[in-house]
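Take a look at the structure below.
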Amino acid sequence: MSKENEGKKKSEVDEIQYSDLIGDIIKRAEQEGAFENLKGKGKPLKLDGDHSYNPDRLLNKVMKDNNILPPWIQMEKEIERMKEELASYSSEYNIRKSVEEINKKIFNYNLTCPPPAQKRKLKMEDYLPAE
45 MSKENEGKKK SEVDEIQYSD LIGDIIKRAE QEGAFENLKG KGKPLKLDGD HSYNPDRLLN
105 KVMKDNNILP PWIQMEKEIE RMKEELASYS SEYNIRKSVE EINKKIFNYN LTCPPPAQKR
165 KLKMEDYLPA E
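Converting from the sequence shown to the working numbering requires adding 44 to each position, the first position being numbered 1.
What follows is the structure in structure tokens.
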């Protein structure tokens, strides 16, 4: 083998091939026409003017725009509704059962919500009538 061919083969071997899996998937979808009939194609994007990268804010905006609530926020609304009901009870039995149920819900809520949003359990004595 000539030195010229050896050098050529060596440079071919030394060349590193980079394959971007996501890019390949997008290119294949584009070639198959997956992006041809997208809603809003050719129209400008609606940007809010803040061009900083904030994934939490972006996620919250997308969820809000699509009426999606995280499970812990739904649970928080349920806890608040149960507390309102609790205020209307006069029977000690109903108060005890309701506080127990709310405390179970608060426990589950605290497992799923961000730490700053956690709630304290209700104290039974705060809701029972004074004797």
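The C-beta atom is built at its ideal place from N, Cα and C for all residues, glycine as well.
Check: CA-to-CA distance, K127 to P99, given in whole angstroms; Outcome: 34 Å
Check: Nearest to D170 (by Cα), restricted to the options N152, Y153, P159, A131; Outcome: A131
Check: C-alpha gap between A9 and E145, whole angstroms; Outcome: The first residue shown for the chain is 45 and the last is 175, placing residue 9 beyond what the model contains.
Check: As assigned by DSSP and simplified to three states, the class of E85; Outcome: Here residue 85 is Lys; the residue named in the question, Glu, does not match the sequence. Reduced to three states, the DSSP call for K85 is coil.
Check: L130, enclosing alpha helix (DSSP H) - first and last residue; Outcome: 115-131
Check: Cα-Cα separation between I123 and I150, rounded to whole angstroms; Outcome: 7 Å
Check: Exposed unless 16 or more other CB atoms sit within 10 angstroms - verdict on Y137; Outcome: exposed
Check: From V143, D109, I66, residue whose alpha carbon lies closest to that of L172; Outcome: V143
Check: N- and C-terminal bounds of the alpha helix (DSSP H) containing Q69; Outcome: Here residue 69 turns out to be Ile, not Gln, going by the sequence shown. Here the alpha helix (DSSP H) through I69 covers 65-75.
Check: CA-to-CA distance, R125 to N152, given in whole angstroms; Outcome: 16 Å
Check: Boundaries (first-last residue) of the alpha helix (DSSP H) holding Y137; Outcome: 136-156
Check: Pick from Q118, N147, A174, Y97 that is closest to C157, judged by C-alpha positions; Outcome: Q118
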